[in-house]
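Below you'll find the structure, written out as structure tokens, and then a few comments.
In the working numbering, the protein residues as written are 623 to 790.
Here it is, written out as structure tokens:
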């Protein structure tokens, strides 16, 4: 996609703690803004119709499908992508658990799976494997790594709860 020649104030996005002023057309999705204008390619374009979850990001801590969200709709809000989960070079506990449990095969869906898993844990939806599966059902994996994904989410939830307990 060619860069927009639109002039004016543009759209201000706060992505992974950094501010970006993008000169984009009003119809540009958050997914395309992230990938084509900010060059953050961790968020994947799967179906581009909101059916696969590969484009999942967080906006103000809530998971959203970036392919169904216009960039202009999230102006002024805090956007977190897969690239923004690691802190000071240390992987997020969910990322670590996905590695330990081999919760990916081809890896294409993994960023969206991880972003949904973080939201699942943050929203307290990990009381059972059934709850985890239900919450994660909006993220498709063609390779069939679902049992490993559930195990990774369960382990990360326990680790994060343990860390919260120590911080109190």
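The beta-carbon is built from N, C-alpha and C at its ideal position, and this holds for glycine as well. Fair warning: this is a prediction, and the values are worked out from it, not measured in the lab.
- Task: Please specify which runs of the alpha helix (DSSP H), each continuous and at least 4 residues long, are wholly inside the segment 711–759, giving them in chain order.
- Result: Listed in chain order, the alpha helix (DSSP H) elements of length 4 or more contained wholly in the segment 711–759 are 715–722, 732–744 and 751–757.
Please report the straight-line C-alpha distance between residue 783 and residue 748, rounded to a whole angstrom.
Reading the chain shown from its first residue, position 161 is the one you call residue 783. Reading the chain shown from its first residue, position 126 is the one you call residue 748. The straight-line gap from Cα to Cα measures roughly 11 Å.
In this structure, how does DSSP classify residue 589 when only helix, strand and coil are distinguished? Nothing about residue 589 can be reported from this structure: the residues present for the chain run from 623 to 790 only.
### Task
Tell me where the beta strand (DSSP E) around residue 678 begins and ends.
On the chain shown, position 56 is the one that residue 678 refers to. If you look at residue 678, you'll find it in the beta strand (DSSP E) that goes 678–681.
Check your understanding: Where residue 758 and residue 735 are concerned, what is the direct C-alpha to C-alpha distance, given to the nearest angstrom?
Key -> Stepping through the chain shown from its first residue, residue 758 is reached at position 136. Stepping through the chain shown from its first residue, residue 735 is reached at position 113. Residue 758 and residue 735 have their C-alpha atoms roughly 7 Å apart.
Whole-number beta carbon distance between residue 677 and residue 668, since they are thought to touch under 8 Å: The residue given as residue 668 occupies position 46 in the chain shown. The residue given as residue 677 occupies position 55 in the chain shown. Rounded, the Cβ-Cβ distance is 7 Å, consistent with contact.
For a test of the three-state rule: what should DSSP assign to residue 644, helix, strand or coil? Here residue 644 corresponds to residue number 22 of the chain shown, with the count starting at 1. Three-state DSSP puts residue 644 in a strand.
Could you check the C-alpha separation between residue 648 and residue 655 for me, to the nearest Å?
Start at 1 with the first residue of the chain shown, and residue 648 comes out as number 26. Start at 1 with the first residue of the chain shown, and residue 655 comes out as number 33. Rounded to whole angstroms, residue 648 to residue 655 spans 11 Å at the Cα level.
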